[in-house]
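Novice:
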Amino acid sequence: MYKLERDFYDRDARLVGEELLGKLLVRKYDDVLIKSRITETEAYIAEIDKASHGYGGKVTPRTKIMFGPPGFTYVYFIYGMYYCLNFVTEGEGICSAVLIRSVEPVINIDAMCMNRYNKALDCLTKSQLKNLSNGPGKLCNALKITKEENGIDLTGDEIYLEDDGFRNFAVEKTKRINIDYAEEAKDFLWRYLLRN
DNA sequence: CCCATGATGCCCT
DNA sequence: GGGCATCATGGGT
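Under the numbering used here, read the first sequence as residues -18 to 177, first letter to last.
1. In angstroms, rounded to a whole number, what distance separates the CA positions of residue 14 and residue 119?
2. Considering residue -1, what are the terminal residues of the alpha helix (DSSP H) in which it resides?
3. Rounded C-beta distance between residue 23 and residue 80? I'm assuming under 8 Å.
4. Of all the alpha helix (DSSP H) runs that stay within the bounds of the region 78 to 128, which reach a length of 4 or more residues?
5. Closer than 7 Å by C-beta to residue 86: which residues in its own chain qualify, once you throw out the five before and the five after it? Chain order, please.
6. Does the count of Cβ pairs from the region 136 to 152 and the region -2 to 7 closer than 8 Å reach three?
7. Beta-carbon separation of residue 42 and residue 71 under 8 Å?
8. Using only CA atoms, which one of 63, 108 and 111 lies nearest to residue 128?
9. Can residue 32 and residue 156 be called in contact, C-beta distance under 8 Å?
10. Would you mind stating whether residue 9 and residue 134 have Cβ atoms separated by less than 8 Å?
11. Do you know how far the Cα of residue 101 is from the Cα of residue 171?
12. With burial defined as no fewer than 16 other Cβ atoms inside 10 Å of the residue's Cβ, what is the status of residue 104: buried or exposed?
13. With DSSP as the reference, please indicate the residues paired to residue 40 in a beta bridge.
14. My understanding is that residue 83 touches residue 116, with C-beta atoms under 8 Å, so please give their C-beta distance in whole angstroms.
15. Can you tell me whether residue -10 is helix, strand or coil according to DSSP?
16. Based on Cα-Cα distance, which residue from 45, 163 and 68 lies nearest to residue -15?
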């Protein structure tokens, strides 16, 4: 079991996105510790990707974190209601990131249930359990991640990743979803899913 | 299971 | 003012 350091993130977002599968996402706040396993990601690389918020070198207050050094969070607000968690990849000046689309609970599922439904695990319906953290907005709710967590250093102790040696799975690569506006980029196979 | 729809507010032009 | 890297819900199969 070891923590991923900055060099892990300082690579092509597609490679990082694929290698994030199976890693443990650790979240600490107050006296709470939650660990979950990453099961779905998507890569975004502004230079060649019309789906990226930074496409065309568009530096704004929102996107500037993605132009900075690797190994920081990029959390954005979407559809007036939800947050999405990304990890910034590659060196300073290169706008790229990986969106975390789905995680599964590993440690402290109770805290995740309370954060998301304000209900204990044994009070959840089957549907609520299935939908606990299987979407980018859902997992931010379950892990208590909001715009307050934008720009966090992943080598710190609030949000970081661990490799626990979990390797027994196959990787599926598909088109990314909900980016129909992105023309040719919508067909890039930059969505990575853990199978098994 | 699937699909259609409405919610809701920030960001950027 | 338009658009959006989503989700919960409700109804049909």
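In this text, a Cβ means the ideal position worked out from N, Cα and C, and glycines have one as well.
Specialist: With the given structure in hand:
1. 18 Å
2. -6 to 1
3. 4 Å
4. 90 to 98, 107 to 111 and 117 to 123
5. 17, 93, 113 and 114
6. yes
7. no
8. 63
9. no
10. no
11. 36 Å
12. exposed
13. DSSP output for residue 40 lists no bridge partner at all.
14. 6 Å
15. helix
16. 68
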